[in-house]
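Here is the structure we will look at, set down as C-alpha cells.
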C-alpha cells in the first residue's frame, strides 16, 4: 500500500468521493452532512492523500484529508475506504499517516466530526482505538444529535 498526496479531482477519486457523499446523505440528515466536495478538498490549507495498491495497477483503496484550523489544531476530513478494500487495514494506515503528517506540521491536536448512526460505528471504534476522545463541537460546528465530535492530542 502506497499513501501519497493526491488530487481529489482525479477520476477514480471523484467516484470514491461521490460514493462517500451518497452514503453520508443516505445515513444522515442533510443538515448534518459535513463532508467536503472535491473542490473544497483541493483548497489551500487542506492536504489530501490517497492509499493505492501499486501491485494492482495503482488501484485506489481509500482517501483522507487534513484541514488546518490553526497552527496547533487540524481537522481530519473525508476519511473513506473503497468498498472492495474494506477489512484490509486501509483506514488504520491512512489515519496513522495523517496523524504523523499533522505532528510533523507542528499541530498539537487533531479533531473530527463523524456520525452517531450505526453506519459510523466502525469509524468511531477506529478513532477511539487510536486515542481520540469525545469532545464538544469545534471550529464552527454546533451541537447536533447526528454528530459525534472527537479530538486527540498529538
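Residue numbers (full-length UniProt numbering): 1 to 154.
Positions of the beta carbon are idealized from the N, C-alpha and C atoms, including for glycine.
This structure is a prediction, so every number in the text was calculated from the model and none was measured.
Can you name the start and end residues of the alpha helix (DSSP H) that residue i belongs to?
i	result
residue 61	Looking at the DSSP string, residue 61 is not in any alpha helix (DSSP H); the run it does join, the beta strand (DSSP E), is 59-68.
residue 27	11-27
residue 41	38-41
How is residue i classed by DSSP in three states: helix, strand or coil?
i	result
residue 91	helix
residue 32	helix
residue 142	coil
residue 107	coil
residue 71	coil
residue 83	helix
On a Cα-Cα basis, can you pick out the residue from the options that is closest to residue i?
i	options	result
residue 78	8, 152, 102, 1	8
residue 65	13, 28, 31	13
residue 68	58, 26, 83, 48	48
residue 15	80, 89, 132	80
residue 87	99, 61, 98	61
residue 118	147, 138, 136, 83	147
residue 1	83, 74, 21, 93	93
residue 3	34, 63, 99	63
residue 174	142, 34, 29	The displayed coordinates of the chain run from 1 to 154. Any statement about residue 174 would go beyond what the structure contains.
residue 42	55, 30, 10	10
residue 137	23, 121, 113, 31	113
CB residue i to CB residue j, shorter than 7 Å?
i	j	result
residue 127	residue 150	yes
residue 110	residue 102	yes
residue 17	residue 38	yes
residue 52	residue 95	no
residue 132	residue 108	no
Just to confirm the assignment, what range does the beta strand (DSSP E) spanning residue i have?
i	result
residue 124	Note, residue 124: premise wrong, no beta strand (DSSP E); alpha helix (DSSP H) at 121-129.
residue 152	147-153
residue 4	2-5
residue 47	46-53
Buried or exposed for residue i, going by 16 or more other Cβ atoms inside 10 Å?
i	result
residue 115	buried
residue 72	exposed
residue 100	exposed
residue 174	Not covered by the structure: residue 174. The range shown for the chain is 1 to 154.
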